[in-house]
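Novice:
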Amino acid sequence: MRHLSIFLQYVGQYMKTRLTYRSDMVVELLSDLLFQAVNLIFILVVFGHTDLLSGWSRDEIIFIYGFFLVPFAFFSTFFNIWDFNERYIVKGELDRILTRPIHSLFQVILERMELESMFGVITGLAIMFYAGSNLGLTIEWYDPILFILFVIGGALVYAGIFISLATVSFWSDSRTAIMPMMYNIGNFGRYPVDIYNQVIRYVLTWILPFAFVGVYPAAFFLNKTEWYGYAFLTPFMGMLFFTLSIFLWNVGVTKYRGAGS
Amino acid sequence: MAKYIEMIRIRFLMMLAYRTNYYSGIIIYSINIAAYYFLWSAIYGGKEDIQGLSVIQMTTYIAVAWMARAFYFNNIDREIALEIKEGKVAVELIRPYQYLNMKTMAALGEGIFRLFFFSVPGMFIVSLIFPMEFSANLSTWGFFGISILFSFIINTQINLMTGIITFFLFNNDGLMRAKRVVIDLFSGLILPISFYPGWAQAAMEWFPFQYISYVPSMIFSEGFVGSEVWNAIMMQAIWCLILLIPIQVLWGLAKKQMVIQGG
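Chains as they are written, first to last, in numbering that gives the first Met the number 0: chain A, 0 to 260; chain B, 0 to 262.
1) I need the straight-line Cα distance from G237/A to K254/A, nearest angstrom please.
2) In the structure shown, what three-state DSSP assignment does I49/B receive?
3) For a contact defined as C-beta to C-beta under 7 Å, what are the partners of Y190/A on chain B?
4) Identify each residue in the region 122-150 of chain B for which the Cβ-Cβ distance to at least one residue of chain A is less than 9 Å, and report them in chain order.
5) Establish whether the CB of A64/B and some CB of chain A are separated by less than 7 Å.
6) From the beta carbon of V180/B, is the nearest beta carbon of chain A less than 7 Å away?
7) Against S22/A, what residues of chain B qualify as contacts under a CB-to-CB distance less than 7 Å, listed in chain order?
8) Give the DSSP-derived three-state secondary structure of L92/B in the structure shown.
9) Going by C-alpha distance, which of I152/B, A16/B, G162/B is nearest I241/B?
10) Nearest-angstrom Cα distance between T16/A and G86/B?
11) Can you tell me the Cβ-Cβ gap for I62/B and I147/B, rounded? I've got them flagged as a contact below 8 Å.
12) Kindly say whether T122/A, judged by its beta-carbon, lies nearer than 7 Å to any beta-carbon of chain B.
13) Straight-line CA distance for I121/A to G135/A?
14) What residues of chain A sit near R94/B, judged by a beta carbon separation below 8 Å?
15) So, at 7 Å on beta carbons, what are the nonlocal neighbours of I192/B in its own chain, with the 5 sequence-adjacent residues on each side left out?
16) Taking just the CA atoms, how far does G187/B sit from L203/A?
17) If contact is defined by three or more beta carbon pairs under 8 Å, each pair taking one atom from either stretch, is the region 189-201 of chain A in contact with the region 100-119 of chain A?
18) Measure the beta-carbon distance from T166/A to E113/A and round it to whole angstroms, keeping in mind my assumption that it falls under 8 Å.
19) Checking contacts by CB at 7 Å: is S260/A closer than that to chain B?
20) Between M175/B, T59/B, F169/B, A89/B, which lies nearest to N73/B when the distance is taken from Cα to Cα?
21) Going by CA-CA distance only, name the one from I93/B, M104/B, N154/B, K84/B that's closest to F167/B.
22) So, at 7 Å on beta carbons, what are the nonlocal neighbours of S260/A in its own chain, with the 5 sequence-adjacent residues on each side left out?
23) Assuming G159/A and F240/A form a contact by the criterion Cβ under 8 Å, report the distance between their Cβ atoms to the nearest whole angstrom.
24) Does the beta-carbon of D142/A have 16 or more other beta-carbons within 10 angstroms, so that it is buried, or is it exposed?
25) Using Cβ-Cβ distances below 9 Å, what residues of the region 2-36 of chain A are close to chain B?
26) My output table needs one value for W81/A: the three-state DSSP class, helix, strand or coil.
27) Between the region 196-212 of chain A and the region 32-47 of chain A, do at least 3 Cβ pairs fall closer than 8 Å?
28) Can you pull the chain A neighbours of I79/B, defined as C-beta to C-beta under 8 Å?
As structure tokens, then:
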């Protein structure tokens, strides 16, 4: 209850700061749309030169991308911590966080949230419905429930990976640029993993399991029965990686020595 | 002049102090290039070439594009925006140097560091794993060198511009993010410009973005030959000059209407 009221107060503050810099907010919304368009353009241009991507059609790839946008929107709204190292460790902002009686990760998340990223859910759903109707997909009664479970799973996979990367800063307090670079790797989970060789497929499934945010869960809705096993693993992978990252965080915080001034 | 060269040196040494994260960077870039390699192999399927680029040329193109990015990429727009927001820029302005030149030199120091500690070893590792074509022709290497220097200048000029715009918008995160996305797409980093439909290619002629990544990568993978190379480098030089104008105008306006928000 207390966490909920704190969350709501942060949302209120957030609205105020957004409205102070109104022109920036508009540009930010447009840049999010542009970001989503870029990947779509990539798919469209590529399929201007080929018909099938190892057996997957253009609309199927577009559908996977639409699905990916939904968990990714939740991730970028609440786990926008790619500059955690620079902001909280190098500058010593974490000192301030640690003096307060709420879980440190919860505070960091609240301070860095970006509510406007939630628009990704709308674009994602629109892209899914567009591609889905081209493919003639039908919606069963259990689809929405599984969709929600898969979206939560995917968002937690993303969150788990990036929180774990953030905790590296607790052990080495020097500057790291790993997180921004990692964003590119996340994109590859959207393509059919059977195009990659064994090593990369293994990495995208078990080490940096980005495939659980894109191709695996989306394959279920595309009726690709051979991937069902992986699809149903999605919520469990999400919980596993998220729990692991919280554990790493809790251990890491005890290792933190104030670095900034 | 000496103080600017000193700035390059200081930034280089600063990067050297934080070098551990570059080792991890090389691994991440390698995974990235590897994933693109397989993605493109799947896209090519059985085809000999698409738009005049063979699969091997395409791999070389992608690898070079990402490694060149390490050289020309920098965050000076974010640095400038932060200094404006925190009010530090006021102090910077009374110091005995040109603020924008100093930022450019810092970016150059960073670029040189990444070129030698990141791109060169990264390229070496990647070339061991994937089939790539390195030209035996020395002039190709020479032209590539000139071309990425221009890429650096054009990209830095665009960064300076986005940074200065913070003076007018006060908070500039959205614009900087939009700029990064636009450059990734229209510079030819993720897709060679020749893959786009004709009307899109014609539209991109009017922007400087393709001179950041497409041109050097095409020169290196020998997708450009003969007079095409000269023309491309000439266009890069022309864009470098054109971009000086909006920077000067924006900077002049910015100094007049500065609002310090904190500090």
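Ideal Cβ placement from N, Cα and C applies to all residues, glycine included.
Computed from a prediction, not measured in an experiment: that's the story for all the values here.
Specialist: In short:
1) One-based indexing of the first sequence puts residue 237/A at position 238. One-based indexing of the first sequence puts residue 254/A at position 255. In a straight line, the C-alpha of G237/A is about 26 Å away from that of K254/A.
2) Residue numbering aside, residue 49/B sits at position 50 when the second sequence is read from its first letter. I49/B sits in a strand when the DSSP states are folded into three classes.
3) If you number the first sequence from 1, residue 190/A lands on position 191. Within 7 Å Cβ-Cβ: L38.
4) none
5) For the purposes of this step, residue 64/B is identified with residue 65 of the second sequence, where counting begins at 1. Not an interface residue.
6) Translated into the one-based positions of the second sequence, residue 180/B becomes position 181. Closer than 7 Å to some Cβ of chain A, the Cβ of V180/B qualifies, so yes.
7) Taking the first sequence and counting its residues from 1, the one referred to as residue 22/A is at position 23. Chain B residues near S22/A: L168.
8) Reading the second sequence from its first residue, position 93 is the one you call residue 92/B. In this structure, L92/B counts as helix in the three-state DSSP scheme.
9) Within the second sequence, the letter at position 242 stands for residue 241/B. Out of I152/B, A16/B, G162/B, I152/B has the C-alpha closest to the C-alpha of I241/B.
10) Along the first sequence, read from residue 1 onward, the residue named residue 16/A stands at position 17. Along the second sequence, read from residue 1 onward, the residue named residue 86/B stands at position 87. About 19 Å.
11) Mapped onto the second sequence, residue 62/B falls at position 63. Mapped onto the second sequence, residue 147/B falls at position 148. One detail in the question is off: residue 62/B reads as Ala in this sequence, not Ile. Contact flag wrong, Cβ pair sits at about 14 Å.
12) Residue 122/A sits at position 123 when you count from the first residue of the first sequence. Not closer than 7 Å to any Cβ of chain B, the Cβ of T122/A fails to qualify, so no.
13) Here residue 121/A refers to the residue found at position 122 of the first sequence. Here residue 135/A refers to the residue found at position 136 of the first sequence. For I121/A and G135/A, the distance between alpha carbons rounds to 21 Å.
14) Taking the first residue of the second sequence as 1, we reach residue 94/B at position 95. Around R94/B, no beta-carbon contact reaches into chain A at under 8 Å, the shortest distance being about 22 Å.
15) Residue numbering aside, residue 192/B sits at position 193 when the second sequence is read from its first letter. So the list reads Q200, M203, Q209, Y213, once near-sequence residues are dropped.
16) Indexing the first sequence from 1 puts residue 203/A at position 204. Indexing the second sequence from 1 puts residue 187/B at position 188. L203/A and G187/B: Cα-Cα distance of roughly 26 Å.
17) no
18) For the purposes of this step, residue 166/A is taken as residue 167 along the first sequence, with counting starting at 1. For the purposes of this step, residue 113/A is taken as residue 114 along the first sequence, with counting starting at 1. Rounded to the nearest angstrom, the Cβ distance from T166/A to E113/A is 21 Å, too far for a contact under 8 Å.
19) Within the first sequence, numbered from 1, the residue matching residue 260/A stands at position 261. Residue confidence is low: S260/A scores 49 on pLDDT, short of 50, so the model does not pin down where it sits. Its coordinate-derived value is still stated next. Not one chain B Cβ lies under 7 Å of S260/A.
20) On the second sequence, residue 73/B is found 74 positions in, with the first residue counted as 1. N73/B has its Cα closest to that of M175/B, out of M175/B, T59/B, F169/B, A89/B.
21) Residue mapping note: residue 167/B aligns to position 168 of the second sequence, counting from 1. Cα-wise, what sits closest to F167/B is K84/B.
22) For this step, residue 260/A is matched to residue 261 along the first sequence. Because the pLDDT of S260/A is 49, which lies under 50, any placement of that residue in the model is unreliable, and the number read from its coordinates should be weighed accordingly. Excluding sequence neighbours, S260/A sits near G91.
23) As a working note, residue 159/A is residue 160 in the first sequence. As a working note, residue 240/A is residue 241 in the first sequence. Indeed they touch by this definition, with Cβ atoms about 3 Å apart.
24) For the purposes of this step, residue 142/A is taken as the residue at position 143 of the first sequence. Looking at its Cβ environment, which holds fewer than 16 other Cβ atoms inside 10 Å, D142/A is exposed.
25) Cβ contacts with chain B come from T16, T19, Y20, S22, D23, M24, V25, V26, E27, L28, L29, S30, D31, L33, F34, A36.
26) What you label residue 81/A is simply residue 82 of the first sequence in a count that begins at 1. Three-state result, W81/A: coil.
27) no
28) If you number the second sequence from 1, residue 79/B lands on position 80. Result: empty, since nearest Cβ-Cβ is about 15 Å, beyond 8 Å.
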